[in-house]
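From first to last, the protein sequence lines are chains A and B.
Just so you know, we're using the numbering used here here: the first sequence kicks off at 5 and counts up by one.
Just so you know, we're using the numbering used here here: the second sequence kicks off at 718 and counts up by one.
To start, the structure under review is shown below, and the notes come after it.
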Amino acid sequence: MEPISSRWSNVSSKDNNNKEVTFSDLGSKRIRHGSAGADSEFLSMSQKEIKDEDARLIYINDPDRTNEAFDFTGNSIKTAKYSVFTFLPRNLFEQFHRVAYVYFLVIAVLNQLPQLAVFGRGASIMPLAFVLLVSAIKDAYEDFRRHRSDRVENNRLALVFEDNDFREKQWKYIRVGEVIKVVSNQTLPCDMVLLATSDPTGVVYVQTTNLDGESNLKTRYAKQETLQKATDLETFDGFIKCEKPNRNIYGFQANMEIDGRRLSLGPSNIILRGCELKNTEWALGVVVYAGSETKAMLNNSGAPSKRSRLETRMNLEIILLSLFLIALCTTAAATAAVWLRTHRDDLDTILFYRRKDYSVRPEGKNHNYYGWGWEIFFTFFMAVIVYQIMIPISLYISMELVRIGQAYFMTRDDLMYDESSNSSFQCRALNINEDLGQIKYLFSDKTGTLTDNKMEFQCACIGGVDYSDREPPESEQAGYSVEVDGIILKPKMRVRVDPVLLQLTRNGSKATEEAKRANEFFLSLAACNTIVPIVTNTSDPNVKLVDYQGESPDEQALVYAAAAYGFLLIERTSGHIVINVRGEMQRFDVLGLHEFDSDRKRMSVILGCPDMSVKLFVKGADSSMFGVMDEVSYGDVIEATKKQLHAYSSDGLRTLVVGMRKLNDSEFEQWRSSFEAASTALIGRAGLLRKVAGNIETKLRIVGATAIEDKLQRGVPEAIESLRIAGIKVWVLTGDKQETAISIGFSSRLLTRNMRQIVINSNSLDSCRRSLEEANASVASDDDESVALIIDGTSLIYVLDNDLEDVLFQLACKSSAVLCCRVAPFQKAGIVALVKNRTSDMTLAIGDGANDVSMIQMADVGVGISGQEGRQAVMASDFAMGQFRFLVPLLLVHGHWNYQRMGYMILYNFYRNAVFVLILFWYVLFTCYTLTTAITEWSSVLYSVVYTSFPTIVIGILDKNLGRRILLRHPQLYGVGQRAEGYSTTLFWYMMFDTVWQSAVIFFIPLFAYWGSTIDTSSLGDLWTIAAVVVVNLHLAMDVIRWNWIAHAAIWGSIVAACICVIVIDVIPTLPGYWAIFQVAKTWMFWFCLLAIVVTSLLPRFAIKFLVEYYRPSDVRIAREVEKLGTFRESQTMGTEMNQIQDPPRR
Amino acid sequence: MSSNTASSSGGSGDSSAARKNSKRPKYSKFTQQELPACKPILTPGWVISTFLIVSVIFIPLGVISLFASQDVVEIVDRYDNDCIPAPARTNKVAFIQGDAPKACNRTLTVTKRMKQPIYVYYQLDNFYQNHRRYVKSRSDSQLRSPKFENQISACKPEDDAGGQPIVPCGLIAWSLFNDTYTLSRNNTPLAVNKKGIAWKSDKEHKFGNKVFPKNFQKGNLTGGATLNPDIPLSEQEDLIVWMRTAALPTFRKLYGKIETDLENGDTIQVTLQNNYNTYSFSGKKKLVLSTTSWLGGKNDFLGIAYLTVGGICFFLALAFTIMYLVKPRRLGDPSYLSWNRNPGGGR
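Now the structure itself:
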């Protein structure tokens, strides 16, 4: 196991470097705990204290002394970023983190130099100021709301122990070291270590919805030692030494000293800010972390930020445009230099130049002329200022707006609303919408993602005998119930029972060997878990429901199953459990509990039974359980069970094995001492506890095995098929056994009968290499066959981070399906990284559990299923949704649309700005190479903000190249994005040629028409402005595919808006262009020029567009024709099977 | 009563309560992106008829534009070279800056009947009224109102004379064109109306009727015409015309209007004062007498452009029709889809 842990730490550190992620430290920490390799390190550390400089000391109920030395943070929180005074500087500082804004600013500053002042002050600062202002208002509003919620939060009241009594105190005044009382349904104001609770055993139940979104109850315990003392708080004397604040919400290490005794504290002794107390009357605790140091606040960071592929691709074109810009500026500077050089002797007297100022002294002084070299220099920078919008700054803002709009429509999509969990689609990352259209590899978790994660107990194998009568007898439909003190207790969920087995358990007293085993089996199921039973009232006062809450759905299913057979778990505290065995209450003392961890893959409890014996019950995955069984005594039962397990997993069932052992006194004492030592250890406790567990979990007697069905989610097979047709390679990564995985593979249509299965199942590097290479060779020889690759976690240990990765990758590329079973969470990320590092294709990972977090963060796009297993996956994801099948509309419909829209929008933005810049540039050739603009400076500024930006944003949000139905009916259309047909350098160059042509037409038609006429600068400028706006908008109109009223309003509206702006600018008498638009628009010439410009500039594009679409039609074009003309035909065949996805019930 | 926490149990929740706090997005055609829309596609029929329509519109427009241009009668006389006495032509700049008499006589012959109004223009070539230094050198607020006569910061180096602000300041006003023309037909004076040559809007709102020229052309270097300090700027139409800076380096400015018809064969004597110095940058000066059409002056470019574009469109319509007839493609034929063309790619 050694290599795994070291390898994982590599992977995780790499991961951490790459992106800042909320849960990365959490994920890696958990996994590091899970690896055996870390044990030795922890052992050596276990006896050490927390170093003083790494610890904080909290004197219980003595906040003054606590805060004396350290001055801990108070409990008032501030999620708001700014105050009234810091708002301006801080907000500006943050906004200028965007490179685009810095470019803007540099240009504006350059423009302020008197020699370079191209635009007036106002016009040069306006766009930047506008953008900054809009963002600032948005930030200010958000911050105002945060201030308000902070205020509400800080002024909430809590009961604090002061002057021998509990008094209400506002949250913001709570200090570290104080003792607080929290009552039922109250929210915790800070992180506190439990001292006492209303429960005599010290248990509290908390709901952590606010923290990690999990709605099930979790148990936390007060230490037995503090329970008694807490009744007399005045004399309570002790201190807690705990680690510095950190954001790991699942970890806490501290020890407490009271009366000279040292107790160790762990994550189960602390309740965190934001949790809610449930099913517990009250709880007392001492504040250890307050305010911004609480774990909840430390975890309060936003969604991970990723950059979209398209945006990264776009940078190349941005560089090209920069070069283009430099070329234009150089041309302007060079030609200006030539002119100055040839006229150098006449500059003093040229009427329109007048170098010398004679008013100062008779021989004259140079006015605004700094010599030849400087003039070139100034001209260059003035050109940069004039042509600045060549780099489309507004594009970045437009892109953000478009993504927000796209996200809005994705979240509002009716097709992606999940009724069962009442969750709609969530867009957590706002800047990778378009990546959804280019996915080539899909990595999916199985449990909870492909399946519902609603476990149903199906069959049991007890003592090697299979009890799996799937036909439920009608008589038993009523379900099990038991009467206690006149109240009927019922488990909340019914489970189908096997009549033979039920009969056996009922005859428990008549004690055949079989019946005894069966009883033992169900007792183990009822006892060996961490489920919390909660008794809830029903409408009938005599009937109460027992609801089982727990973190693992498997355990829930097993406990419900035990309940159905008469072993009703009724109560759980930290010290004991109460099980109602067919009406008889039995109390078991819980002497020890070894929690499940992914390394041991089993859990165990040590129970003191009513008959005073001590028994160890162990439950775990078969692979880990058969190793710790007493094979000598129970070899035949084990064999029979193994056979049965194989049969179960072939049916796609999840299996668990249960074992037990009676402990004699010496064993128990030995265990108890080492357990206590381990559980009070401060550092490396997890490793120590695991070792203790490993020592006791041996020589078990096999009790039986369970089989649980994990049902496929609705629509999963159809979804997988669609995705496969769309050319997406689907990899399923699961922790399940190979047989289970394969059977799920078949039922989800990932695997089909005509695929050849290649199974890699190796135990050493060499055998792994051999089988991979053989497989590779066999696939290479016949390429027409479709192949499914199945590889297990053990083999992956040898493959990952090794040269075998390449071999596996090649093999996987040739396979049509890949199934990885028995993979550990870190291996999931490793597999994603393997693919991601070897190809430029986009990867998407989808999962629902904490074990998928690393994979979700590793992939280009991470999707979280908000399902049963808590919300860590959702928290780490970029997109979250309720069901796997929503991937189909998400990728094939929204992904396709978003990619097309964004690709077109980027190209169009390049084009529209370049057209304008080129018009300005052509004019420079006719102004003595000085940077005069005929177009007014206000129009220059407004051009990319008002005249042309709105339509591109609207089109970027709303246009659809194809309808939803046809995209779903022909998943192959998704290939457009995979082949990057929506945006490429080739398209960019076509666009640029078109740009040059259009700008030349716009510029030169009026130039020749008005050459040698009385036309003045402003009038001609207005003509150019309006012509450019009309052409650019009509160009967009030509490419709009769906003309709904919004598109009409945007395009025609922005032409009208531009005209209005031009008119408004021309009615200001202090501007030189006063009334020009009215003068020029009176003439026929103006309108003749405009018509000629519009038609001539768009003519080539129109003709070529038609020729390409008609004679070299793309798939999208054909599909559009199909859609419009209704020529479905052969496509009908697969329509029927896809119905489930296409036609979900619309209300 | 904590039924809403029972998410994992899958029990039958109270359905009406569930519906009440359902997060299901409100269904609307807008949010589902299903707004009714027209989806035009470029079919051969559409494209060919578009081209035909364009050519049908453009060719007639081109023809009438050409006719309009042909209707315009224009007399152009370049005089900058001829109006310098032969001995002085070696150093024209010295001559123009000197004190020698600048009068010059030109004779123009009318070759075609010209109906009134006949516009008298002066045309300058190679004069960059759009030069950056030049266009910025003006103060629009000073022109409007005497209140702002000190706003001269943009006007350097023609901003003040001896500390007093120049009105109108700046290079544009300073370089006001100062050649003058006196016309006579067959030895009878021909009236040139110099009223109404500037934009009405300029006279009324841009140039103040209370603003009088001050300290104008008092500097060490005289650029052009002087202004009568007793006439407000709103009446100085030559200045107003000149201050509407030309967009292009070859431009005409209206000098005045002749309000009688000129007959074919008339000779017109022009006595002009050749004062304006375009010689230092080899600019040309021309006197132009021209009628106008509804489309403007004499310029065939637009007519030719319309005919060309119309012709190309007609040609394209023809070519596409032939292509369509020779090699048609059935629209919406799924067999053209890439995965149907080369099977094996998809499933």
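Note that CB positions come from ideal geometry on N, CA and C, so glycine has one too.
Since residue i meets chain B, which of its residues come closer than 7 angstroms, beta carbon to beta carbon?
i	result
A:N1048	L752, P753, A754
A:D418	P742, Y744, Q749
Identify, in the order they occur along the chain, each residue of the same chain with its Cβ nearer than 7 angstroms to the Cβ of residue i, setting aside the five sequence neighbours on each side.
i	result
A:V1035	Q1002, I1006, I1097, V1098, S1101, L1102
Kindly identify the DSSP beta-bridge partner or partners of residue i.
i	result
B:F968	B:L841
A:I274	A:V197
A:N250	Bridge partners of A:N250: none, in fact.
B:A963	A:D1020
A:G612	A:D593, A:V618
A:M664	A:F621, A:R705
A:R760	A:V791
A:S268	A:N259
B:R823	B:V987
A:Q211	A:L221, A:E280
A:S448	A:V736, A:I850
Taking C-beta pairs closer than 9 angstroms, name the residues in chain A that residue i reaches, listed in chain order.
i	result
B:R861	P1073, T1074
When we look at the beta-carbon of residue i and count the other beta-carbons within 10 Å, is it buried (16 or more) or exposed?
i	result
B:L1042	exposed
A:I1064	exposed
A:E722	buried
B:R1047	exposed
A:K666	exposed
A:E701	buried
A:H650	exposed
B:W1011	exposed
A:V980	buried
A:T744	buried
A:M386	buried
Could you say which of the options lies nearest to residue i if we only look at CA atoms?
i	options	result
A:N259	A:Y912, A:M906, A:A784, A:R689	A:R689
A:A821	A:S752, A:G631, A:A884	A:S752
B:G1013	A:V122, A:A1032, A:I1072, A:Y1014	A:Y1014
A:G967	A:L896, A:T509, A:D1020, A:R916	A:L896
A:S1058	A:I1069, A:L1040, A:I1045	A:L1040
A:A1062	A:I1122, A:G1016, A:L946	A:L946
A:C431	A:S1017, A:K369, A:V865, A:F385	A:V865
A:L505	A:L527, A:I466, A:L1095, A:G579	A:I466
A:W343	A:L281, A:A127, A:I380, A:R150	A:I380
Quick one: what's got a C-beta closer than 8 angstroms to residue i's C-beta in the same chain, skipping five residues either side?
i	result
A:Y638	R705, I706
A:S402	M909, N913, S953, T956, I957, G960
A:I184	A162, L163, V164, F165, I178, P193, C194, M196, L288, G289, V290, V291
B:G925	L860, R861, S862, P863, P949, L950, S951
B:P966	D842, N843, F844, Y845, Q846, N847
Within the same chain, show all residues whose beta-carbon is closer than 6 angstroms to that of residue i, passing over the 5 residues directly before and after it, in chain order.
i	result
A:L47	Residue placement at A:L47 is poorly supported in this model, since its pLDDT is 34, which falls under 50; the coordinates are not used for a value here.
Identify the contact partners of residue i in chain A, using a Cβ-Cβ distance below 7 angstroms as the criterion.
i	result
B:S739	N426
Below 8 angstroms on C-beta distance, what does residue i contact in chain B?
i	result
A:H347	F998
A:R753	The premise fails here: A:R753 is roughly 12 angstroms from chain B at the closest Cβ pair, so nothing lies under 8 angstroms.
Can you name the residues of chain A whose CB is closer than 8 angstroms to the CB of residue i?
i	result
B:A805	Residues of chain A passing the Cβ test: none, with the nearest at roughly 17 angstroms.
B:Q990	Under the 8 angstroms cutoff, chain A gives no residues; its nearest Cβ is about 17 angstroms from B:Q990.
Inset, instruction - Identify each residue in the stretch 957-969 of chain B for which the Cβ-Cβ distance to at least one residue of chain D is less than 8 angstroms, and report them in chain order. - result: In the displayed structure, chain D is absent; the protein chains listed are A and B.
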